[in-house]
Structure formats: C-alpha cells, structure tokens
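From first to last, the protein sequence lines are chains A and B. Counted the way our numbering counts, the first sequence spans residues 1094 to 1230. Counted the way our numbering counts, the second sequence spans residues 2 to 207. We put the CB at the ideal spot given by N, CA and C, even for glycine. Please read these numbers as outputs of a predicted model, since none were measured by experiment. For reference, the structure is listed below as structure tokens.
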Amino acid sequence: MTVHALWVINKAGGLVFSRSYSDTLPPLPLNTVLILAGTLHGVHAITSRISPGGGGGGMESFEAEGWGGRVFLTATGTKFVVLHSLPHPGLEELLLKVYEIYADAVMKNPFHTPEMPINSSLFETRLQALMIAANTA
Amino acid sequence: MTIFSLYIFDRHCDCIYYQDWHRTRPIRPPSIPNFRPGVHRLPPPLDPLAAQSTVRESIFDRDHAVSNVITTNGARVLSGSTPATNRGYTGLPFDEETKLVYGVVLSMRNMVKKLSGRDETFTSYRTNTYKLHLYETLTGYRFVLLSDPSTDSLRFVLRQIYVGPFVDYVVRNPMVQLDSRTEGIDNDHFRAAVDAHMRGLSMFGT
C-alpha cells in the first residue's frame, strides 16, 4: 500500500492539515484542496441521509479505478482522510497510528488552538516517519 | 449480502427509473407536484391537504416527527399527525432522495477527477450500512446500485443490466421516449427482466 496524501478536516468542514506523501496524484493548489475537503464534509453528511435502511453513519471509504480514500471520523467530529493505493492492507492500523500521533503532538500541545490549522513540526516529522515506513513496506 | 435499490439517471440529471428490493425503511412517495410517471411504482399520496401544501424540511433533520407545513393560505401548521405523506414513512420523499443520490455521485465524480488530474472514474463508496456502486455509459446514463457494505464491486451487474434489459426493453422499445424529461422509462418487460436478473445473482439475499 502507498499512502498518497493525508488530510485533517475539523468538525466545521475546514481543512486544518494536508500533506502529500507520494507523487502518484498530481500536486494541487491549496485552494483546490480546501474546496475538495469542504465538499467531502458535505458529501459525508448527505451519505448518512440516503441510507436505504435508515440511520447509520456517513461515508467511510470511496474508490476510483486505481486508488481510493478512507475517511476516519473521530468521536469529536474531526475527520482524517487518507488517499491510498489499492489494495490497502494495514490501512486501519495506520489510521489508528495517525490518530495517536495527532493526540500526542497536536491535542496535548498547549499552544495549539482547537479547530485551527495545525502548525506543529513534531506532528509533521512523526507523520513523515510513519508514512515513509508505510510506503516502503 | 443483499441488494437494496437501483436508480438510473439520464444525462439531464433526472431519475428515469427506480426499483428496490430489501429496503427496511420504505421510501416515501413524492408529493403530487413532483410526481413523474414511469419512474417507480410507489403509490401516489392520497391526502388532498398534502397535495396543496409544501413540506419544508432540512435534509439535516434527524427525525421528522415535527416538521413545519405551510399550507396554501399561509397558515403554519405543525404536522406530525396531520399529513398523510408522513404516515408510516420516516425517510425523505422519493424526489428529494434521488436528488441527494445524484448530488453525491456527481460531487464524488468531480472530486476523483480533480484529485487524479485525469479522466479517472469514480466507482463506489461505502458507509457502515450500505455501499453505492456507479456505472456510467458513454451516452451519459448513470446506473447506481445500493447494496450491502460487504459486497465486492458490483459494476459488472450494472453493465449487464445496461447491455441486457436496458438495450432490449428501453433503447429498442419504440414506446419508450428517451430524453423526454417528463416521463421515466418504466415498462413491465424491463422491470421484470431487471428483477429476474437481480434475483439470479448469488449476492441477492433472501
């Protein structure tokens, strides 16, 4: 599995972090990524409303022909979106690690304002190490 | 393993066909102004009050126990017990639901195209209660299938429906007006053929 990119979306639908970890997907201007993250937030809300059985959560993953995306929703409404290649063994473990790093490097940081863009070098370096390990495995 | 429902959209973004199999929550029929013939076989709403009034409700409302109904004379009535359209149905009306399905499909399709930077096709997404599969034809028809979340890709089923029943009983049927924008493509042969095809699949549950 190759991780192409990681986004963190706050509970209002704003993009607070985005990094690309491979060059399979073309680099996009930050404005486009902001729009796409907002779209994904809206789509996530709608997908739970069109469930044929009623109830249920929103979109968890989506697939294109050569790659896919996984949406991980935390209990507090923050979304982690990982764009990855197919197939994707070990993706769930990777997401839990990302969440752990987020809790350690962002939430425990007293200088971080919740729901605001993440500017933490510790978060970035730890994610970089995790993604390099995942992409070379 | 089950199959929930099938939607077919034409290139004008209109839903032209709908059929469902194992929906646990029945779909609410559309109100009379939004009723289009030849799309589904849902009963039309019976209450004349419901036909006159426009139900305004947010798609983000979780429960529809109380919704504001504005009647034609401008009086605001709290529904919940009065309109017949709400009786026994908890979900969205048919026309609203198809718009949401089409909107989601279109948004995801554009997002996948933007992200990959070329003409890559969006194929499916999954939630914890269902999985949506999309098959798009060159003529702009979009076949959307909702199934159990654990199924593999069912795009081949949609393709089979397109090359089989759709071509036989819709495209080659002189009685069906394609691109009419006012009517769907429903006919007995097509509905029966799609039904038989779905029931013959191994993933079609009981």
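{"Query": "Short CB-CB distance (under 9 Å) between residue 1155 of chain A and chain B", "Result": "yes"}
{"Query": "When A:1205, A:1195, A:1204, A:1179 are compared against residue 1219 of chain A, the one with the closest alpha-carbon", "Result": "A:1195"}
{"Query": "Which of helix, strand or coil DSSP assigns to residue 67 of chain B", "Result": "Reliability of the predicted coordinates at residue 67 of chain B is poor, the pLDDT of 40 falling under 50, and the value obtained from them is presented with this limitation in mind. Coil."}
{"Query": "Assigned secondary structure, residue 1118 of chain A (DSSP; H/G/I helix, E/B strand, else coil)", "Result": "coil"}
{"Query": "Chain-ordered neighbours of residue 1225 of chain A on chain B, where CB pairs are closer than 9 Å", "Result": "Here the premise fails: no neighbours, minimum Cβ distance about 22 Å."}
{"Query": "Within chain A, partners of residue 5 of chain B - CB distance below 8 Å", "Result": "1145, 1146"}
{"Query": "Residue 1136 of chain A burial status per 10 Å Cβ neighbour count (16 or more: buried)", "Result": "buried"}
{"Query": "Backbone secondary structure at residue 144 of chain B - three-state DSSP", "Result": "strand"}
{"Query": "Minimum C-alpha distance to residue 1127 of chain A - residue among A:1101, A:1216, A:1114", "Result": "A:1101"}
{"Query": "C-alpha distance - residue 1170 of chain A paired with residue 1104 of chain A, whole-angstrom precision", "Result": "5 Å"}
{"Query": "Listed by chain order, chain B residues near residue 1210 of chain A by CB distance under 8 Å", "Result": "What residue 1210 of chain A touches in chain B: nothing, since even the nearest Cβ is about 21 Å away."}
{"Query": "Contact set for residue 171 of chain B: own chain, Cβ-Cβ below 8 Å, skip 5 residues either direction", "Result": "177, 179, 186, 188, 191"}
{"Query": "CA nearest to the CA of residue 164 of chain B, picked from B:128, B:194, B:102", "Result": "B:194"}
{"Query": "Contact under 9 Å by Cβ, residue 105 of chain B with residue 1211 of chain A", "Result": "no"}
{"Query": "Whole-angstrom distance between residue 6 of chain B and residue 20 of chain B, CA atom to CA atom", "Result": "6 Å"}
{"Query": "Among B:14, B:181, B:25, B:32, nearest to residue 94 of chain B - alpha-carbon criterion", "Result": "B:32"}
{"Query": "Residues bridged to residue 21 of chain B (per DSSP)", "Result": "B:6"}
{"Query": "Cα-Cα separation between residue 169 of chain B and residue 1134 of chain A, rounded to whole angstroms", "Result": "40 Å"}
{"Query": "Where residue 131 of chain B falls: helix, strand or coil (DSSP)", "Result": "coil"}
{"Query": "For residue 1165 of chain A, three-class secondary structure by DSSP", "Result": "strand"}
{"Query": "Classification of residue 166 of chain B by the beta-carbon crowding that lies within 10 angstroms, buried from 16 upward", "Result": "buried"}
{"Query": "In DSSP terms, what residue 1096 of chain A is bridged to", "Result": "A:1177"}
{"Query": "Near-chain A residues of the region 96 to 107 of chain B (beta-carbon distance less than 8 Å), N- to C-terminal order", "Result": "98, 101, 102, 104, 105"}
{"Query": "Rounded Cβ spacing between residue 2 of chain B and residue 199 of chain B (contact assumed at less than 8 Å)", "Result": "The pair is not a contact, with the Cβ atoms about 12 Å apart (cut-off 8 Å)."}
{"Query": "From A:1151, A:1217, A:1129, residue whose alpha carbon lies closest to that of residue 1139 of chain A", "Result": "A:1151"}
{"Query": "Beta-carbon proximity check, residue 1153 of chain A vs residue 127 of chain B, cutoff 9 Å", "Result": "yes"}
{"Query": "Same chain, Cβ closer than 6 Å to residue 38 of chain B, neighbours up to 5 away in sequence not counted", "Result": "184"}
{"Query": "Cβ separation of residue 1120 of chain A and residue 1111 of chain A, assumed to be a contact under 8 Å, to the nearest whole Å", "Result": "That belief does not hold up - the Cβ atoms of residue 1120 of chain A and residue 1111 of chain A are roughly 11 Å apart, past 8 Å."}
{"Query": "Check whether residue 113 of chain B and residue 99 of chain B have beta carbons under 9 Å apart", "Result": "no"}
{"Query": "Complete runs of the alpha helix (DSSP H) confined to the region 95 to 119 of chain B [at least 4 residues]", "Result": "95 to 117"}
{"Query": "9 Å Cβ cutoff, residue 1102 of chain A in contact with chain B", "Result": "no"}
{"Query": "C-beta atoms of residue 26 of chain B and residue 91 of chain B nearer than 9 Å", "Result": "yes"}
{"Query": "Residue-chain proximity (residue 121 of chain B, chain A), Cβ-Cβ < 9 Å", "Result": "yes"}
{"Query": "Proximal chain A residues relative to residue 206 of chain B, where beta-carbon distance stays under 7 Å", "Result": "In chain order: nothing, as chain A lies at least about 13 Å away."}
{"Query": "When B:129, B:173, B:12 are compared against residue 142 of chain B, the one with the closest alpha-carbon", "Result": "B:12"}
{"Query": "Expected contact under 8 Å - CB spacing of residue 274 of chain B and residue 1155 of chain A to nearest Å", "Result": "Chain B is shown from 2 up to 207; residue 274 of chain B falls before or after that span and cannot be answered."}
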